[in-house]
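**Student:**
Chains as they are written, first to last, in our numbering: chain B, 58 to 246; chain A, 3 to 192.
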């Protein structure tokens with residue numbers, strides 16, 4: 058900063074001053090945690106397993122084992138398709154029927170992208186939290202996210218820099234930073 | 003990131019140790035993390051949102067979300083940086099909701115009047131003037147300015163936290179400085 062920034066320097070020093078919270082703050086937060094489901098390490102294990110399953114693997118099997126594997130995969134795919142519903146197919150009844158959460162699939166076509174992330178209220182807009190995977194050579198990217206009933210704002214972040222709204226969902230009109238975004242509503246609010 | 007995000011406390015319990023204790027069922031260990039980070043996070047939220055009530059809401063929300071999703075903190079030793087990211091986004095969301103409700107700071111006539119008092123009339127008037135000027139910045143410029151100069155983060159850290167490109171962040175900081183210079187000069191002229 059230059060000399061003519063003296064006013065700014067003064068402002069920054071003032072803004073750096075500590076802010077005091079009510080002394081009961083810690084206690085109130087801890088009290089709130091009582092109503093929150095306790096975090097468990099197995100959640101990360103599940104993500105690890107999901108990552109492992111979605112990574113290409115080479116398996117050596119006998120012809121008989123191969124037949125069994127094909128049958129098993131067909132069954133898994135059938136069940137999977139029942140759960141991995143496109144976002145537009147999620148209805149309040151469906152969300153209610155599933156119970157706590159609905160598994161919502163987010164899809165976008167971005168043929169030239171090197172990476173795509175889903176950012177939204179549900180992951181605190183963290184770019185690294187929910188990466189999409191390229192599922193087809195024609196540039197289709199997809200990810201499925203378990204969401205409970207509610208209204209969510211979200212966007213796709215392409216190559217860590219370009220924000221895109223979901224062309225298949227209503228636009229979010231209340232983004233503070235004027236970025237493109239979309240709205241997804243699950244269940245009755 | 004400078005400061006205490008990811009350091010040991012006086013008891014020698016690192017963030018990683020406390021996070022593992024919480025994940026193993028010791029909820030009380032989370033109190034140690036709250037105590038460690040509350041002041042720094044409270045400062046950011048207060049400067050970003052412009053009033054202590056909204057700041058406390060954002061901070062509580064961030065701590066509760068941090069607890070709920072703790073298993074997704076991929077680097078427990080850097081819990082502080084992870085939590086800061088959650089707070090930044092809670093402030094965005096809350097700021098957006100508040101913007102729809104009303105412009106609290108700008109609509110506050112008393113604050114406006116205090117802001118126009120000369121610096122020489124006291125530290126409180128100066129503080130009000132600066133807070134008022136910061137509140138008038140565009141939210142993304144205010145965020146970038148606070149992260150850069152108040153939280154003393156590098157542009158790389160800011161990029162990781164906000165998802166924005168470094169060039170965009172530099173532009174926001176430059177515009178915020180320019181705007182603040184102008185606003186503070188206007189206060190001096192009054």
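No residue lacks a Cβ here, since even glycine has one placed at the ideal position from N, Cα and C.
Given that a residue counts as buried once 16 or more other Cβ atoms are within 10 Å of its Cβ, and exposed if not, what is residue 145 (chain A)?
**Tutor:** buried
**Student:** Smallest Cα separation from residue 99 (chain A): which of B:210, B:242, B:197 and B:79?
**Tutor:** B:210
**Student:** Which residue's Cα is closest to the Cα of residue 18 (chain A): A:96, A:83, A:182 and A:139?
**Tutor:** Checked all of A:96, A:83, A:182 and A:139; the closest Cα to residue 18 (chain A) is A:83.
**Student:** Going along chain B in order, which residues have a C-beta closer than 8 Å to the C-beta of residue 181 (chain A)?
**Tutor:** Residues of chain B passing the Cβ test: none, with the nearest at roughly 11 Å.
**Student:** Whole-angstrom Cβ separation of residue 43 (chain A) and residue 81 (chain A), contact assumed at under 8 Å?
**Tutor:** Going by Cβ atoms, the distance from residue 43 (chain A) to residue 81 (chain A) rounds to 12 Å, so no, they are not a contact pair.
**Student:** What is the residue span of the alpha helix (DSSP H) that residue 164 (chain A) lies within?
**Tutor:** 157-164
**Student:** If I measure Cβ to Cβ from residue 76 (chain B) and keep anything under 8 Å in the same chain, skipping five residues before and after, which residues do I get?
**Tutor:** none
**Student:** Does DSSP put residue 18 (chain A) in a helix, a strand or coil?
**Tutor:** helix
**Student:** Name the two residues that bound the continuous beta strand (DSSP E) containing residue 200 (chain B).
**Tutor:** 197-205
**Student:** Does any CB atom of chain B fall closer than 8 Å to the CB of residue 17 (chain A)?
**Tutor:** no
**Student:** Indicate whether the contact test is met: 3 or more Cβ pairs, each with one atom in the segment 146-153 of chain A and one in the segment 173-181 of chain A, closer than 8 Å.
**Tutor:** yes
**Student:** Across which residues does DSSP place residue 240 (chain B) in a beta bridge pair?
**Tutor:** B:210
**Student:** What separation, rounded to the nearest whole angstrom, lies between the Cα atoms of residue 72 (chain B) and residue 140 (chain A)?
**Tutor:** 17 Å
**Student:** Does any C-beta atom of chain A lie closer than 8 Å to the C-beta of residue 241 (chain B)?
**Tutor:** no
**Student:** Tell me the rounded alpha-carbon separation between residue 142 (chain A) and residue 206 (chain B).
**Tutor:** 29 Å
**Student:** Closer than 9 Å, Cβ to Cβ, to anything on chain A: give me those residues from the segment 198-215 of chain B, in chain order.
**Tutor:** 210 and 214
**Student:** Please report the straight-line C-alpha distance between residue 212 (chain B) and residue 27 (chain A), rounded to a whole angstrom.
**Tutor:** 34 Å
**Student:** Could you pull the start and end residues of the beta strand (DSSP E) that residue 173 (chain B) belongs to?
**Tutor:** Looking at the DSSP string, the run of the beta strand (DSSP E) that includes residue 173 (chain B) is 173-177.
**Student:** Taking residue 37 (chain A) as part of the alpha helix (DSSP H), name the residues at either end of that continuous run.
**Tutor:** 31-51
**Student:** At a CB-CB cut-off below 9 Å, which residues of chain A make contact with residue 71 (chain B)?
**Tutor:** 125, 128, 129, 132 and 133
**Student:** How many Å lie between residue 73 (chain A) and residue 25 (chain A) at the Cα?
**Tutor:** 7 Å
**Student:** For residue 167 (chain B), which residues from the same chain have a beta carbon less than 8 Å from its beta carbon, with the 5 sequence-adjacent residues on both sides left out?
**Tutor:** 173, 196, 198, 213, 215 and 221
**Student:** Give me whichever residues DSSP pairs with residue 219 (chain B) in a beta bridge.
**Tutor:** B:215
**Student:** Under 8 Å between the Cβ atoms of residue 85 (chain B) and residue 62 (chain A)?
**Tutor:** yes
**Student:** Report the CB separation of residue 59 (chain A) from residue 35 (chain A) in whole angstroms; it is logged as a contact under 8 Å.
**Tutor:** The pair is not a contact, with the Cβ atoms about 19 Å apart (cut-off 8 Å).
**Student:** Taking residue 94 (chain B) as the reference, give the member of A:70, A:37 and A:91 with the closest Cα.
**Tutor:** A:70
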